[in-house]
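One structure is given here, and the rest of the page talks about it.
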Amino acid sequence: NFIATKSSDLLSKWYGESEQQIARLFQRARQVAPCVIFIDELDSLVPARGSGAGEPQVTERVVNTILAEMDGLEELQSVVVIGATNRPNLIDPALLRPGRFDELVYVGVPDKAGRRRILGIQTEKMPLASDVDLDRLADRTDRFSGADLEDVVRRAGLVALRRSIDSTDVTMADFEGALKESRASVTPETEREYEQMAARLKQDATAIQPLGFAFPNKADD
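Each number in the numbering used here corresponds to the 1-based position in the sequence shown with 345 added.
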């Protein structure tokens with residue numbers, strides 16, 4: 346079983362409701378175990394206490410609730426918790442200790458093969474003209490993230506509609522038009538910053554056993 350959620354789904358403006366939402370999430374996971382809990386935007390849910398992010402009292406209660414729930418999973422090995430963030434340096438350090446988020450995985454922008462697979466998935470249900478070349482599109486979208494590629498596909502569909510309301514197929518020209526309106530959200534400077542951050546986290550992780558860190562080499566295009 347797989348339960349996917351994000352911080353905005355768990356956080357509430359009402360007193361105590363965020364903690365209740367978190368408790369219900371873990372309770373549900375226990376009930377349907379084996380189960381994987383996936384929490385997106387983890388940094389918004391559990392920012393470092395004392396960092397000034399969010400309301401201090403709310404942050405304290407939420408972080409403590411997450412810690413209590415994750416520590417309670419030690420005897421229930423069939424529940425795994427995965428978090429995703431693009432700001433790992435903002436997460437409360439207590440969450441990165443053994444028995445909690447034991448493994449840190451740096452995920453960079455996709456290489457050419459990855460972009461080709463993402464484009465294939467995003468266009469799976471789109472009526473494509475015979476001239477659409479996804480390999481060529483993968484070549485032309487260096488440093489595009491998955492969200493960037495999804496946006497390119499969406500824009501191509503809109504270009505096709507603007508071209509003709511009766512259009513049945515999305516052509517390569519439509520994708521060309523979409524690319525003119527799109528750009529990679531990850532700059533070379535941003536990518537270097539994240540790689541440096543990953544290297545720092547790797548050093549921190551190796552100092553806390555048995556916490557591990559996976560830093561896959563970026564494949565060449």
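Positions of the beta carbon are idealized from the N, C-alpha and C atoms, including for glycine.
Since the model is a prediction, treat every value here as computed from it, not as a measurement.
task: Run the CB neighbour count on P433, radius 10 Å, all protein chains shown included, and call it buried at 16 or more, exposed below.
output: buried
message: Using a 10 Å radius around the Cβ and a threshold of 16 neighbouring Cβ atoms, would you call A564 buried or exposed?
response: Confidence at A564 is low in this model, with a pLDDT of 48, below 50, so the placement of that residue is unreliable and no value is reported for it.
Environment of S530 [buried if 16+ CB atoms lie within 10 Å]: So S530 counts as exposed.
- request: Quick one: using the 10 Å Cβ neighbour count with 16 as the cut-off for buried, is D514 buried or exposed?
  value: exposed
Residues near F489 in its chain [Cβ-Cβ closer than 6 Å; skip 5 each side]: A529
- prompt: Which two residues bound the contiguous beta strand (DSSP E) that contains I427?
  reply: V424 to G428
query: Does DSSP classify I411 as helix, strand or coil?
result: In this structure, I411 counts as helix in the three-state DSSP scheme.
query: What residue ranges within the stretch 454 to 486 form continuous alpha helix (DSSP H) runs of no fewer than 4 residues, ordered along the chain?
result: 457 to 467 and 479 to 484
query: Between the stretch 538 to 545 and the stretch 450 to 466, are three or more C-beta pairs nearer than 8 Å?
result: yes
Cβ-based burial, V477 [other Cβ within 10 Å; buried from 16]: buried
field: R461, buried or exposed, once every other Cβ within 10 Å from all chains shown has been counted against 16
entry: R461 comes out buried.
task: Using the Cα positions of T516 and S527, report the straight-line distance between them to the nearest angstrom.
output: Straight-line Cα distance between these residues: approximately 17 Å.
Best match in A543, P472, E469 and V426 for proximity to P379 [C-alpha to C-alpha]: That would be V426, whose Cα lies nearest to the Cα of P379.
message: I need the straight-line Cα distance from Q366 to R442, nearest angstrom please.
response: 23 Å
field: Cβ-heavy atom distance, V424 to the ligand FMN, below 7 Å
entry: The model depicted lacks the ligand FMN and carries no ligand whatsoever.
query: Can the beta-carbon of K358 be found closer than 8 Å to that of D385?
result: no
task: Please determine, among A349, D416 and K470, the residue with the shortest C-alpha to C-alpha distance to D447.
output: D416
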